[in-house]
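**Q** Residue numbers (this note's numbering), protein chains in the order written: chain R, 1 to 182; chain E, 1001 to 1182.
Backbone N, C-alpha and C define an ideal beta-carbon position, used for all residues, glycine too.
Number of protein chains: 2
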Amino acid sequence: MVQSTALLVRERGVEATSFSDVLAHSGAPRGSIYHHFPGGKAQLIEEATRYAGDFIAAGLASSLDQLDPVAALREFCSSWREVLRSSDFAAGCPVVAATVEGERLPSASEAAAASFASWEHLLAHAIQRHGQTAERASSLATLVIAAIEGAVVLARAQRSVAPFDRVAEELEDLLVAAMTDG
Amino acid sequence: MVQSTALLVRERGVEATSFSDVLAHSGAPRGSIYHHFPGGKAQLIEEATRYAGDFIAAGLASSLDQLDPVAALREFCSSWREVLRSSDFAAGCPVVAATVEGERLPSASEAAAASFASWEHLLAHAIQRHGQTAERASSLATLVIAAIEGAVVLARAQRSVAPFDRVAEELEDLLVAAMTDG
DNA sequence: GTCTATACGAAGATAGAC
DNA sequence: GTCTATCTTCGTATAGAC
């Protein structure tokens, strides 16, 4: 159910994702909602945001564990490209959706903030381990996360991977340059 | 009314912005809606997205007309920082909101795509005029727009300008380097 | 031609049956 | 303790009054 919610939110957004949609997608019975989620929709969205954020963090951590930051970035971009392509540009990032519509759901916003922060930290630490200062690593990590999330939005709007690919290549070049200097 | 819609959408998102909210904010009478917007909410959102996109494009064009790309970027970032600060991180970009929730409103998505494209082109042409190749200028422009939009999302989630400032500084450094090389 | 009042549908939430 | 059926609220859209 949490997973279904995350999948639906990344396509439709938070407000446009109803319980009926989630039930139809997950196959769960109607009565289960308030048993498992006494906090109602706010709780469901919060858990879905946390789930999605943790899922993405796990993938990123795994890449950074096995590869250098540049190769991990390439893999990260590749998985986002696949999300865009396989959904015909209907799907984006559920954590972004939770932020953009999160004014009414503070708990979801907090989960989104925690997710973004964890991705930034994972990347920043990896860049730092490969020879950058903590400060520069933090700036680069934030830039990479922000640019990729923004690029996903641009790609969805324009229904093309072209903007995403341009951003991915610029980021890769920038990271290569940053890791080989100093 | 269109302006009120854009202001509300950038805070609450598309679906959470009702006609009642727009009427209360703009002072317009209820009966005017379907007279001025026969296409209903879809048309209102589309026009609000176009309005916001054109407004931002006008500011960007004006900056690029008077200043070099780096200084224009600084001004662009400054105005986004003001949006974040003055709303206490409640407000973001209505064009992003229209994209993220735009699955159900294709006309709004198209308006969003056109807005993003126009910002990219304005920036790309300016960078090209200052000595970069068309291809590189296009990549840099897309990166700048994507990164700033992403940074606005991160800043809202974390309720802090810190991520936005890190992104702004990285972008500025990158643009400076790109304009002085080759 | 402009607005008030209403209808229709869907959303989230709950109370009672098994 | 788990689910089906219902209740209330609200949002969009419209039909009719001025």
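Do you know offhand how far E/K1041's Cα is from R/G102's?
**A** Counted from its first residue, the second sequence places residue 1041 of chain E at position 41. Counted from its first residue, the first sequence places residue 102 of chain R at position 102. For E/K1041 and R/G102, the distance between alpha carbons rounds to 21 Å.
**Q** Is there contact between the segment 1139-1157 of chain E and the segment 146-154 of chain R, where contact requires at least three CB pairs shorter than 8 Å?
**A** The answer is yes - the segment 146-154 of chain R touches the segment 1139-1157 of chain E, with three or more Cβ pairs under 8 Å.
**Q** Just to confirm, are R/L67 and R/T5 a CB contact at a threshold of 8 Å?
**A** Here residue 67 of chain R is taken as the residue at index 67 of the first sequence, counted from 1. Here residue 5 of chain R is taken as the residue at index 5 of the first sequence, counted from 1. For R/L67 and R/T5, no; Cβs fall outside 8 Å.
**Q** Find out if the Cβ-Cβ distance for the pair R/F116, R/R159 is shorter than 8 Å.
**A** To locate residue 116 of chain R, count along the first sequence from 1; it is residue 116. To locate residue 159 of chain R, count along the first sequence from 1; it is residue 159. Against a cut-off of 8 Å, the Cβ pair of R/R159 and R/F116 comes out as no contact.
**Q** Any idea what DSSP makes of E/P1038, helix, strand or coil?
**A** Taking the first residue of the second sequence as position 1, residue 1038 of chain E is located at position 38. The answer is coil: DSSP assigns E/P1038 none of H, G, I, E or B.
**Q** Let me see if you follow: with CB-CB separation under 8 Å, is E/R1081 close to chain R or not?
**A** Indexing the second sequence from 1 puts residue 1081 of chain E at position 81. No, E/R1081 does not count as interfacial toward chain R.
**Q** Nearest chain R C-beta to E/L1174 closer than 8 Å, yes or no?
**A** Residue mapping note: residue 1174 of chain E aligns to position 174 of the second sequence, counting from 1. True, the Cβ-Cβ gap to chain R drops below 8 Å.
**Q** Where E/A1114 and R/P163 are concerned, what is the direct C-alpha to C-alpha distance, given to the nearest angstrom?
**A** Mapped onto the second sequence, residue 1114 of chain E falls at position 114. Mapped onto the first sequence, residue 163 of chain R falls at position 163. Rounded to the nearest angstrom, the two C-alpha atoms are 13 Å apart.
**Q** Using CA coordinates, which residue listed in R/V176, R/M1, R/P69 is at the minimum distance from R/S32?
**A** Residue numbering aside, residue 32 of chain R sits at position 32 when the first sequence is read from its first letter. Per the Cα distances, R/M1.
**Q** In this structure, does DSSP put R/T99 in helix, strand or coil?
**A** Numbered from 1 along the first sequence, position 99 holds the residue referred to as residue 99 of chain R. Reduced to three states, the DSSP call for R/T99 is helix.
**Q** Can you list, in chain order, the residues of its chain whose CB lies under 6 Å from that of E/A1112, leaving out five sequence neighbours each side?
**A** As a working mapping, residue 1112 of chain E is identified with position 112 in the second sequence. These residues qualify, in order along the chain: T1049, V1095, A1098, T1099.
**Q** Any idea what DSSP makes of R/T180, helix, strand or coil?
**A** Here residue 180 of chain R refers to the residue found at position 180 of the first sequence. The answer is helix: DSSP assigns R/T180 an H, G or I state.
**Q** Ordered along the chain, which non-local residues of its own chain (more than five positions away) have a Cβ less than 6 Å from that of R/A72?
**A** Walking along the first sequence from the start, residue 72 of chain R turns up at place 72. S63, L64, listed in sequence order.
**Q** When DSSP labels each residue in this structure, what does E/A1016 get in the three-state scheme?
**A** If you number the second sequence from 1, residue 1016 of chain E lands on position 16. Three-state result, E/A1016: coil.
**Q** Mapping the DSSP letters down to three states, classify E/S1062 as helix, strand or coil.
**A** On the second sequence, residue 1062 of chain E is found 62 positions in, with the first residue counted as 1. Three-state DSSP puts E/S1062 in a helix.
**Q** Name the two residues that bound the continuous alpha helix (DSSP H) containing R/T133.
**A** Within the first sequence, numbered from 1, the residue matching residue 133 of chain R stands at position 133. Careful: R/T133 lies outside any alpha helix (DSSP H) and carries neither H nor E.
**Q** Taking the alpha carbon of E/Y1051 as the reference point, which residue from E/L1007, E/T1180, E/Q1128 has its own alpha carbon closest?
**A** Indexing the second sequence from 1 puts residue 1051 of chain E at position 51. With distances taken between Cα atoms, E/Y1051 lies closest to E/L1007.
**Q** Counting only C-beta atoms, is R/I145 closer than 8 Å to chain E at any point?
**A** Here residue 145 of chain R refers to the residue found at position 145 when the first sequence is read from its first residue. Output row for R/I145: interface = yes.
**Q** Distance check for R/A178 and R/R166, CA to CA, integer angstroms please.
**A** Position 166 of the first sequence, counted from the start, is the residue given in the question as residue 166 of chain R. Position 178 of the first sequence, counted from the start, is the residue given in the question as residue 178 of chain R. One C-alpha to the other measures close to 18 Å.
**Q** Under a CB-based cut-off of 8 Å, is R/R85 close to chain E?
**A** In the first sequence, counting from the first residue as 1, residue 85 of chain R sits at position 85. Closer than 8 Å: no.
**Q** Identify whether E/F1164 lies in helix, strand or coil by the three-state DSSP scheme.
**A** As a working note, residue 1164 of chain E is residue 164 in the second sequence. Residue state, collapsed to three classes: helix.
**Q** Hey, is R/Q158's beta-carbon within less than 8 Å of any beta-carbon in chain E?
**A** The residue given as residue 158 of chain R occupies position 158 in the first sequence. So yes, R/Q158 belongs to the interface.
**Q** Could you compute how far the alpha carbon of E/R1030 sits from the alpha carbon of R/R85?
**A** Here residue 1030 of chain E corresponds to residue number 30 of the second sequence, with the count starting at 1. Here residue 85 of chain R corresponds to residue number 85 of the first sequence, with the count starting at 1. So the alpha carbons of these two residues sit roughly 42 Å apart.
**Q** By DSSP, does R/P94 sit in helix, in strand, or in coil?
**A** Taking the first sequence and counting its residues from 1, one reaches residue 94 of chain R at position 94. Reduced to three states, the DSSP call for R/P94 is helix.
**Q** Report back the beta-carbon spacing between R/E11 and R/S79 to the nearest angstrom; my notes put them in contact at under 8 Å.
**A** The sequence position of residue 11 of chain R within the first sequence is 11, counting from 1. The sequence position of residue 79 of chain R within the first sequence is 79, counting from 1. 17 Å between Cβ atoms; not a contact.
**Q** Quick check on R/L154 - is its C-beta less than 8 Å from some C-beta in chain E?
**A** Translated into the one-based positions of the first sequence, residue 154 of chain R becomes position 154. True, the Cβ-Cβ gap to chain E drops below 8 Å.
**Q** Residues of the segment 1002-1023 of chain E in Cβ contact with chain R at a cutoff of 8 Å, in chain order, please.
**A** Within the segment 1002-1023 of chain E, the qualifying residues are E1011, R1012, G1013, V1014, E1015, A1016.
**Q** Would you decide whether E/V1176 is buried or exposed? Buried here means 16 or more other CB atoms lie within 10 Å of its CB.
**A** The residue labelled residue 1176 of chain E in the question sits at position 176 within the second sequence. Classification for E/V1176: exposed.
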